[in-house]
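Under the numbering used here, the first residue of the sequence shown carries the number 80, and numbering increases by one thereafter. A virtual CB, placed ideally from N, CA and C, is assigned to each residue, including glycine. Written below as structure tokens is the structure these notes are about.
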Amino acid sequence: MGPYIRVKRRNQTVFLDVQLSESFLAVKEKLGAIFHLPPTSIQLWQGLNQGLTIAQADERANEHSPITHSLPFLNSLAQVPINRSLSIMSALEPITCKAAVCWAAKTPYVLEDVIVAPPHSGEVRVRILATGVCHTDEYSRSGADPEGIFPVIMGHEGAGVVESVGPDVTSLKVGDHVVPCYTPQCRNCKFCKSNKTNLCSIIRTTQGKGLMPDGTSRFTCKRNGETLLHFMGTSTFSEYTVLPEISVAKIDASAPLDKVCLLGCGITTGYGAVVNTMKVEKDSTVAVFGLGAVGLAAIMGAKAVGARKIIAIDINPKKFPIAEEFGATQCVNPKDYDRPIQDVLIDLTMEDGFGGLDYTFECIGQPQTMRAALECCHKGWGQSCVIGVAGAGVELATRPFQLVTGRRWAGSAFGGVKSRDGVPALVEKYMKKEIKVDEFVTHKFDLPQINDAFKAMHDGDCIRAIVYFHGVPQE
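Right, here's the structure in full:
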């Protein structure tokens with residue numbers, strides 16, 4: 080039996096068995112028999128959307144009620160060629176595409192032909208159109224990540240279009256524009272039901288092993304047949320990737336994918352840490368350590384909530400002008416001083432005999448700056464948020480007196496944002512020009528240039544580099 084067309088009209092759904100050799104008229108006759116309509120009242124036609132061919136049927140009767148179908152069982156795409164024979168692009172078939180593979184720690188990315196298996200139950204296959212490169216990818220490639228495993232397809236800051244969906248998927252359909260999210264949101268576990276965290280627990284174990292929830296991979300290298308692992312549940316360095324439904328945020332289809340891909344990590348992480356995790360109040364004083372994309376997003380968040388003083392800290396003064404554009408009121412280079420930066424910041428914020436910041440954000444991942452960020456907090460109420468990812472085995476140290484006297488240490492992952500709810504909301508903010516996104520993009524590369532993108536990431540003038548799968552668009 081099969082393959083099948085999934086046909087839906089009003090509240091009625093059937094699965095129509097279709098043979099590849101059947102004529103156009105035969106398919107129309109089957110549809111007519113199901114819905115008690117003459118074949119002449121049903122018309123099939125062809126249309127393109129984001130490179131995906133979709134076949135539809137329309138009942139040309141009294142109410143013009145649409146009959147839509149997608150192939151095969153369950154939701155994939157149908158192709159109706161001009162020659163009026165019905166063929167099928169099957170969700171049950173693998174796709175071969177290009178991907179940047181990291182075969183071992185400390186080695187460059189290699190462009191490979193990769194076979195991407197179809198989605199299983201509760202999964203979707205997404206065509207990635209653009210992806211950012213992030214320091215977290217570099218951290219794992221460097222070998223410092225305790226969860227780093229190889230060979231792997233990295234990338235976690237992408238955006239694309241749903242190509243096919245597996246059985247039991249209810250919130251997504253073919254053609255949806257989406258942002259893959261390394262922090263899932265199942266909406267059912269104790270973490271998702273709590274308003275205290277965004278750390279969904281449902282697939283953490285398998286995701287950390289580079290596998291899908293069923294314990295297997297969807298990636299195979301065509302050249303040697305070797306299984307390739309997933310990365311952070313997203314693997315956006317592949318033109319096609321497979322994700323759990325709970326790790327995919329559906330977004331406004333009019334949003335530019337090569338911009339909003341950055342909401343898959345850096346911008347959301349920094350902005351959300353200020354707005355969601357720490358809930359910074361208006362007229363607060365804030366310090367941000369590290370002026371990469373995450374730090375700049377934190378500054379943007381501090382400005383958005385109305386902080387009266389925002390101090391930007393970095394050892395690269397070339398970053399200060401852009402920090403000021405994002406909202407910094409003062410920039411400080413620790414190299415300009417011969418004493419600990421925490422002492423400098425306390426002096427710079429002295430009021431009524433007491434200095435210190437209401438809130439600080441460490442966006443670097445170094446234990447020394449994490450300690451400094453805590454110790455420059457205001458006595459009695461200052462709070463410091465650790466955002467940067469430190470190396471394996473790194474521990475924090477400070478004098479307990481710092482905590483006893485009212486300072487607090489906190490941490491934030493993905494900005495405290497519940498992904499499937501929060502990312503679409505941030506996209507809407509961007510579309511309304513309430514947050515910056517375009518301004519983060521400073522470099523653009525084709526997929527074969529991905530190693531150059533990572534080199535650029537280390538340059539002082541690079542905030543975010545975007546990698547395109549089908550050529551860098553002309554300005």
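Burial state of Lys398 is buried, judged by a 10 Å Cβ sphere holding 16 or more other Cβ atoms. Beta bridge pairing from DSSP links Lys388 with Thr364.
Between Ile443 and Phe368, the gap from beta carbon to beta carbon is short of 8 Å.
Pairing Val180 with Cys300 gives a Cβ-Cβ distance under 8 Å. Taking a C-beta distance under 8 Å as the contact criterion, Ile378 and Ala391 qualify as a contact pair.
Excluding the 5 residues flanking it on each side, Thr313 has same chain C-beta neighbours closer than 6 Å at His235, Pro259, Tyr261, in chain order. For His256, there is no enclosing alpha helix (DSSP H); the residue is found in the beta strand (DSSP E) stretching over 256-259.
At least 8 Å separates the beta-carbon of Leu341 from that of Arg206. For Glu430, no beta strand (DSSP E) encloses it, and the DSSP letter there is neither H nor E. Out of Ala328, Gly227, Cys410, Trp182, the CA that lies nearest to the CA of Gly470 is found in Gly227. In this structure the segment 317-333 touches the segment 230-249; the number of beta carbon pairs closer than 8 Å is three or more. A direct Cα-to-Cα measurement between Ala489 and Arg302 gives close to 46 Å.
Rounded to the nearest whole angstrom, the CA to CA distance from Gln264 to Asp431 is 46 Å. In this structure, DSSP gives Ala223 a state outside helix and strand, which the three-state scheme calls coil. Per DSSP, reduced to three states, the secondary structure at Lys177 is strand.
For Ala532, the three-state secondary structure derived from DSSP is helix.
The shortest CA-to-CA distance from Gly304 to any of Ile194, Ala402, Gln528 is the one to Ile194. Taking Gly380 as the centre and dropping the five residues before and after it, the same chain places the C-beta of Tyr350, Val353, Val354 closer than 6 Å to its C-beta, in chain order. In this structure, Gln447 is the residue among Gln447, Phe493, Ser491, Ala452 with its C-alpha nearest to the C-alpha of Glu474. Residue state for Cys213 is assigned as coil, using DSSP reduced to three classes. Note on geometry: alpha-carbon atoms of Tyr188 and Trp182 lie some 7 Å from one another. Excluding its 5 nearest sequence neighbours in each direction, Val373 has C-beta neighbours in its own chain below 7 Å: Gly345, Thr348, Gly349, Cys442, Ile466, listed in chain order. Residue environment analysis places Gly371 among the buried positions, since at least 16 neighbouring C-beta atoms fall within 10 angstroms of its C-beta. Given a length threshold of 4 residues, each whole run of the alpha helix (DSSP H) inside the segment 442-522 is given here in chain order: 446-454, 479-483, 498-510. If you draw a straight line from the Cα of Asp500 to the Cα of Asp415, it comes to about 43 Å. In this structure, Tyr547 lies near Asp337, with their beta-carbon atoms less than 8 Å apart. Looking at the DSSP output, Tyr188 shares a beta bridge with no other residue.
Of all alpha-carbon atoms in Ala178, Thr477, Lys275, Ile174, the one lying nearest the alpha-carbon of Arg204 is that of Ile174. Inter-residue distance for Glu217 and Gly472 is about 18 Å (C-alpha atoms, whole angstroms).
Nearest neighbour of Ser273 by Cα position, chosen from Ser363, Lys497, Cys176, Ser221, turns out to be Lys497.
Comparing alpha-carbon positions, the option among Asn530, Asp525, Ala532 lying closest to Gln553 turns out to be Asp525. Ranking Leu427, Thr484, Asn395 by CA distance to the CA of His537 puts Asn395 first.
Of the candidates Val212, Asp192, Leu375, Leu208, the residue whose Cα lies closest to the Cα of Asp531 is Val212.
Annotated as proximal: Ala328 and Val257, with beta-carbon spacing under 8 Å.
Distance from Thr477 to Leu453 at the Cβ level is roughly 6 Å; contact confirmed, criterion being Cβ atoms closer than 8 Å.
Rounded to whole angstroms, the gap between the alpha carbons of Leu190 and Ala238 is 20 Å.
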